[in-house]
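Numbering (the numbering used here), first residue to last: 12 to 79. Don't be surprised by glycine CBs; every beta carbon is placed ideally from N, CA and C.
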């Protein structure tokens, strides 16, 4: 298996785990996320979830960068 194949498999596994976490935890519904409900429409903007994900990914990529 080539290096790119392993990288794609790892990326798929990470996306799968993140999907499970979002589905079965409160990861996508943190306090501070914006939810506007009207008569027949709902607007949801996960601003706090986005900030938390950005910080976690920045730390992860920093650690991976130092490790290589």
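Can you tell me whether residue i is helix, strand or coil according to DSSP?
| i | result |
| --- | --- |
| residue 60 | helix |
Leaving out the 5 sequence neighbours to the left and right, which residues in its chain are closer than 7 Å to residue i when beta-carbon positions are compared?
| i | result |
| --- | --- |
| residue 57 | 39 and 44 |
| residue 77 | none |
Select from the options the residue whose C-alpha is nearest the C-alpha of residue i.
| i | options | result |
| --- | --- | --- |
| residue 37 | 55, 60 and 53 | 60 |
| residue 33 | 64, 74 and 72 | 64 |
Can you tell me the Cβ-Cβ gap for residue i and residue j, rounded? I've got them flagged as a contact below 8 Å.
| i | j | result |
| --- | --- | --- |
| residue 54 | residue 62 | Not a contact, Cβ separation roughly 18 Å. |
Would you mind listing the beta strand (DSSP E) stretches within the segment 22 to 77 that are 3+ residues and don't spill past its ends, in chain order? 45 to 48 and 53 to 56
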